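Here's the structure, in structure tokens; my notes come after.
Chains as they are written, first to last, in our numbering: chain A, 344 to 694; chain Z, 40 to 792.
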């Protein structure tokens, strides 16, 4: 492994200053970064360890009814927080469908947002990758790409963002709080990740030194608690990234959908909010035909980036199913196999 | 050799003999407390770390390595390259015997496959060696690689597997097909699969003058020793290999490969002990793998569903520089009673490491295709898949006409089907749903694996205190040799297992043969049995020839060894203890050797195989295509079961691997570069716990007087066969979609709504 400088700052301000230097990277749990370093994919000169910073590990309800989640809260602690799981069940379900129990115990909220793509060509340093080395080319575009993007991709990059957690978050209009050299600011999660365009190496709007300190769910987010699900199709029952996933959340009043939220995972370089589909659902009674129409709208702009045309049809079906499950109501208890098509299997073994 | 302190306390109170008892692993406590010393756990004083740099291309040559940059890195001691390395005594390209495979030991700059070792960096720390390897920044002359089953010109190899004929036929297949009432002609594909034993290949090598001490996992201590001796030009007695525990072998640690040789070379180069352990991704190349296949099955049946012909052709691949051909079609030799059978193979050469043995090589790949085709034909005949198999049950081995030494397959079918509830299966596919609306499918497959025997030797002794010793260089790969072989040893010398010191796992012990072919318990067990009989005979001679003994005059045939005593067969009240016999004779111990070997006469007479029947239930989401196996039942007949607990674990493991074969495992190879794109445990999918359903294993009683003295057939590999096909057939039964390319993928099951 390349030798690197290890810094453990005492304050957020110190962290920002230390990480603003070229070649620096933040280290939280390291569940992704350390693998990348061992594989020579990331070769930072300096690691700024933020895990000892105070005040970043709280889950708190703010005066306006929004929920603020510190960036260092672990995926497991958040998912297993009873109040959180009750108010934002699709988020908890998404968290529990990701990685393994061991990884969820370590991985943090902030790190989850900034995890890197799982494109094999990004990880394979013998391959060309515009993300890893800007301008070198994309070996995925003519390569083994059946799991790659079908939305928002470019000729320069067809990678997807692998997070489960981000998918319901983006559906619920989550905000991201950032500390940077210019002080505190906040942006919508939907604006955090960039589509590849001509600069796939720039994956987010963060500037050098920017540190995500919290994720906030706005007051309106828990109004969907009664009808919110996350559904994830994957190639084994656990410990696999989504082939395609979807978060669906409905606010149902008097038998009609007052408001719908829908986002897709595993289809683009960012969690994919499907606003056009949400529009179709507003003000109508939940029914199979409107869900079909919503699914059609959600994938209108989709096109295969390789051997992955099936993902478009699969995504439509997942949208329909996720909406159907959400309309049926959030289950009283978290399924033993969260987000799995086999979630309702009786006698299921925990993932 | 560290003190092993194996525990013998059984989980249950035992009655009777040691063989047949479900003892827990005697090395279990060591393993769960981290005290079992695997090769890479050794740290001799002064040890350095070696890390291999591997090729990023699959065909071409290395034109430069930045050795200076690597050497400048703090902690790097030396960089071993084709230009800077100890000379080997013989060229590793020379195949000195059929069990020698070509390896990469930095003999040239040529690159023959991706992940081939091209240099070794030796450093004070693992981190420094790892970074040194990265700093080598190799530059290549890249040549177009051959990739996949259609690469280049195909050819017919001289043999497949280990010396099997490439083509075998009995009867007239074309005539059988021509006369058939119904025919199917189906082509199946299986992917390349790579070894992912928990313990990666590793070695700790220490030279002391011309003596060599080695810690490394090996399934063949003596084969490894002989290969090291010839490569380094040293006498056998100058080499000591310790391999007390393997973290899985599965065929990848059977024959000496390049990486451990590089470790020994590195230790020689720097004159200090060296540890070299492969990284996970580095196992996808130099240590063997299961080759991909494309198999065409042509079957014909008469009007009553009896096979008239079975034609099984397999295309596979080997490397560009050596020969191993997955004998996939040979799976059709033994199971179904077609009057005409032909099995044949051809191959192409590709730029990969040489494919080699991987748990049930040939049997696993061939079985999934054969069992799928049988299922397809049963459906074509409108017959239940079990009824179809019973209709075509082979009373004699179809390819040879020989009788079976034993074959309790009918009982396997019967007991497995009953336990599973097979009789309630709908004939039509896509008929069954569970409460949640998921499609439910039931499938089955027949399991088979040959009952093999190799050569082994053991040494037994009875000591003055009445205790026993059994020595054999056997290998525990996790299957339970420390336990099962010790049970055989205890019975062989007529002692409780706690009174027998069982020694195994080092190269200074008698040759136990290779731990492969599901034959280790049978082979090593036969040697132990015979050594035990021989030492008891010597002890009996001491007693029966001594007029002071109560056994005087009883003669060899008239004495029984039991619980540390010899007693007269005709009067069990007359006897004496081993200790008394040795004390009176004034000898410290008696010892004897015994051998285990195949019986050529029996092999000439009989076909010898283990059998089984596997039943699987899968659930499939009707719209989303995701598959989950919900239960499996396997019934196996494999002769004498030495330790039911270990055997159950072996069969569980095989069944899980079969599930993996059908649904998960595939090395994804870039068709342009020949590089494997998922060489890690995150993306090379094997089943996780949540994929593994409740498994039910039935071991069907079977007595085989012909396979060997103990009647053992072996269970190491049979579990995969049958299981892979059972899962695939269940997916068809659930969905009505016949997928012929494995693993079965979600997109294949996205049927129109």
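Think of the CB as a built atom: it goes at the ideal place given N, C-alpha and C, for glycine as much as any other residue. Remember, predicted model here, so these are calculated numbers, not experimental data.
In the three-state reduction of the DSSP assignment, residue 694/Z falls in the helix class.
If you draw a straight line from the Cα of residue 313/Z to the Cα of residue 124/Z, it is about 14 angstroms long.
In this structure, residue 296/Z sits away from residue 155/Z, with a CB-CB distance that is not shorter than 7 angstroms. When secondary structure is reduced to three states using DSSP, residue 635/A falls in the helix class. Taking 9 angstroms as the upper bound on Cβ-Cβ separation, chain A lies near residues 727, 728, 729, 730, 731, 732 and 733 of the region 727 to 755 of chain Z. For residue 334/Z, the number of other beta carbons within 10 angstroms of its own is at least 16, and it is reported as buried.
With respect to chain A, the C-beta atom of residue 475/Z has a partner C-beta closer than 7 angstroms. Counting only runs of 3 or more residues that sit fully inside the region 559 to 629 of chain Z, the beta strand (DSSP E) segments are 598 to 601, 604 to 607 and 614 to 616, in chain order. Ranking 378/Z, 366/Z, 427/Z and 381/Z by CA distance to the CA of residue 397/Z puts 366/Z first. What residue 656/Z touches in chain A, judged by beta-carbon distance under 8 angstroms, is nothing: the nearest beta carbon there is about 12 angstroms away.
In summary, the residues of the region 451 to 471 of chain A whose CB is separated from some CB of chain Z by less than 9 angstroms are 461, 463, 464, 466, 467, 468, 469 and 470, in the order they occur in the chain. If you draw a 10 Å sphere on the C-beta of residue 197/Z, you find fewer than 16 other C-beta atoms in it, and that means exposed. For the pair of segments examined, the region 517 to 524 of chain Z was found to touch the region 557 to 568 of chain Z: the number of CB pairs separated by less than 8 angstroms reaches three. Sixteen is the threshold: when 16 or more other Cβ atoms of the shown chains lie within 10 Å of the Cβ of residue 645/A, as they do, the residue is buried.
Residue burial is scored here from C-beta neighbours: residue 136/Z has fewer than 16 other C-beta atoms within 10 angstroms and is therefore classed as exposed.
In the structure shown, the three-state DSSP call for residue 124/Z is coil. Residue state for residue 608/A is assigned as strand, using DSSP reduced to three classes.
Residue 451/A and residue 566/A have their C-alpha atoms spaced approximately 25 angstroms apart. In this structure, residue 562/A sits near residue 409/A, with a CB-CB distance shorter than 7 angstroms.
Across the structure, residue 636/Z and residue 246/Z are spaced so that their CA atoms are roughly 35 angstroms apart. One thing to note: residue 632/Z has its Cβ no nearer than 7 angstroms to the Cβ of residue 729/Z. Note on geometry: alpha-carbon atoms of residue 471/A and residue 701/Z lie some 32 angstroms from one another.
The three-state reading of DSSP puts residue 182/Z in coil, since its state is none of H, G, I, E or B. Annotation for residue 357/A: the continuous alpha helix (DSSP H) segment containing it runs 355 to 362. Within chain A, no residue has its CB atom less than 8 angstroms from the CB of residue 73/Z, the nearest being about 18 angstroms off. Annotation: Cβ neighbours of residue 582/A in chain Z (cutoff 7 angstroms, chain order): 727. Taking a C-beta cut-off of 7 angstroms against chain A, the contacting residues of the region 662 to 684 of chain Z are 662, 663, 665 and 667, listed in chain order. For the region 373 to 391 of chain A, residues whose beta-carbon sits nearer than 9 angstroms to a beta-carbon of chain Z comprise 378, 381, 382, 383 and 386. Nearest C-alpha to residue 440/A among 508/A, 381/A and 453/A: 508/A. Contact annotation for residue 344/A against chain Z: 166, 169 and 170 [CB-CB distance below 7 angstroms, chain order].
Of all residues in the region 647 to 658 of chain A, those with a C-beta nearer than 7 angstroms to a C-beta of chain Z are 653, 656 and 657, reading in chain order. At a cut-off of 7 angstroms, the C-beta of residue 576/A has a neighbouring C-beta in chain Z. In terms of beta-carbon proximity, residue 687/A lines the interface with chain Z, with at least one pair separated by less than 7 angstroms. Residue pairing of residue 478/Z in beta bridges, as defined by DSSP: 472/Z and 659/Z. Taking one beta carbon from each stretch, the region 375 to 389 of chain Z and the region 689 to 707 of chain Z have fewer than 3 pairs nearer than 8 angstroms; the two do not touch. Residue 484/Z is not a Cβ neighbour of residue 339/Z, given a cutoff of 7 angstroms.
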